[in-house]
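*Asks:*
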């Protein structure tokens, strides 16, 4: 009887042991599968994060392109793009050096200015030369020339780092200065019409605070009240202290490109302020000789240590 009891006990123990082994094996296998799943998910997550990380990291070329696009944007309420800010100078201050003989001891700067544009005949040729020579300029446009037809030229002026300024709407002396005396209302009307034309073509963020009187401030009487009104509007006027002679009377006008370079140099020397040069030229449709002379004029200033600036 005792042997039978032992056998029975042994059988029970064996069955319990087998059940325990099976249960332990099941639990271990379950945990193992769980770990595999978690590790797999981790690897998948890490792989996904790496892919997303690669997407977030921009290449040098992409960063440079973004910077270039940002620099081409207009400085809000100004007449130039962001890239041009480093060489854009306050018009009123520059005027004080060339007109009021304010003392100046800085670097030599030349401001190439072009009146009477924009058009498709001469202005693009001027822009081509400036680009080729890595020089900058300020374009004093007539409001009547600012329209959809010249939009591409005006946009190019900005995009290539130049400034756009105002030179009245119609360049009509009799309207602006009847009897050679300034008519404040007519001048301010021209200013407003030109400003509106520029905003319509270049956008509401465009604002030029730079003005040149047709014929020059020096040529007319009674401009004091108009000057004051312009200043209240945030607009500064400027003349020049050097000129190529391309709009002088025929008796004084240079007949060759070389003559224009000489005229530019001599007129600057006569002004008494040679470290700041504001050069008057024109980009009207008949100024072919200006196009011919411009590369040589640029070379003259480069050879004499000038940097190029724009007026703001």
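Numbering (the working numbering), first residue to last: 700 to 1011. A virtual CB, placed ideally from N, CA and C, is assigned to each residue, including glycine.
(1) Could you work out which residue in 785, 887, 863 and 906 is closest to residue 927 when comparing CA atoms only?
(2) Go through its chain and collect everything with a Cβ distance to residue 855's Cβ below 8 Å, but skip five positions before and after it.
(3) Could you please give the first and the last residue of the uninterrupted alpha helix (DSSP H) stretch that includes residue 829?
(4) Output needed for residue 818: all residues of its chain with C-beta closer than 6 Å, excluding positions within five of it in sequence on either side, in chain order.
(5) If you compare alpha carbons, which of 770, 979 and 957 is closest to residue 994?
(6) Helix, strand or coil: how does DSSP classify residue 864 here?
(7) So residue 976 packs on residue 810, CB below 8 Å; how close in whole Å?
(8) In whole angstroms, what is the alpha-carbon distance linking residue 961 and residue 760?
(9) Taking the Cβ atom as the reference point for each residue, do residue 964 and residue 1005 lie within a distance shorter than 8 Å?
(10) Within the continuous beta strand (DSSP E) that includes residue 960, where are the two ends?
(11) Please identify the residue among 1009, 1007 and 981 whose C-alpha is closest to the C-alpha of residue 816.
(12) When you compare only the Cα positions, how much space is there between residue 852 and residue 795?
(13) Using 8 Å as the threshold, is the C-beta distance between residue 840 and residue 870 below it?
(14) State the CB to CB distance for the pair residue 890 and residue 910, rounded to an integer number of angstroms; the pair is presumed to be in contact (CB under 8 Å).
(15) With residue 976 as the anchor, note down where its beta strand (DSSP E) starts and where it stops.
(16) Rounded to whole angstroms, what's the CA-CA distance from residue 731 to residue 757? Just pull it up for me.
(17) Which of the three DSSP states is assigned to residue 852 in this structure?
(18) Cβ atoms of residue 997 and residue 837: under 8 Å apart, would you say?
(19) Could you check if residue 902 is buried or exposed, using at least 16 other CB atoms within 10 Å of its CB as the buried criterion?
(20) Beta carbon of residue 778, beta carbon of residue 1001: below 8 Å?
(21) Would you give the residue range spanned by the alpha helix (DSSP H) that residue 793 belongs to?
(22) Output the distance between the C-alpha atoms of residue 974 and residue 791, rounded to the nearest integer angstrom.
(23) What are the boundary residues of the beta strand (DSSP E) that includes residue 814?
(24) Using C-beta distances below 7 Å, list every residue in its chain close to residue 933, excluding the 5 sequence neighbours before and after it, in chain order.
(25) Smallest Cα separation from residue 780: which of 873, 787 and 772?
(26) Do residue 881 and residue 925 have their CB atoms nearer than 8 Å?
(27) Express the C-alpha separation of residue 966 and residue 804 in angstroms, rounding to a whole number.
*Replies:* On the basis of the data shown:
(1) 887
(2) 823 and 826
(3) DSSP places residue 829 in the uninterrupted alpha helix (DSSP H) bounded by 822 to 832.
(4) 984
(5) Checking every option, the nearest Cα to that of residue 994 belongs to 957.
(6) strand
(7) 7 Å
(8) 45 Å
(9) no
(10) Note, residue 960: premise wrong, no beta strand (DSSP E); alpha helix (DSSP H) at 956 to 970.
(11) Closest option to residue 816, Cα to Cα, is 981.
(12) 31 Å
(13) no
(14) 7 Å
(15) 975 to 981
(16) Here the model assigns residue 731 a pLDDT of 48, short of 50, so the residue's position is not dependable, and the following value carries that caveat. Rounded to whole angstroms, the separation of the alpha carbons of residue 757 and residue 731 is 40 Å.
(17) Helix.
(18) It is not a contact, given that the beta carbons lie outside the stated cut-off.
(19) Exposed, since its Cβ has fewer than 16 Cβ neighbours within 10 Å.
(20) no
(21) 790 to 797
(22) 17 Å
(23) 808 to 816
(24) 908
(25) 772
(26) yes
(27) 21 Å
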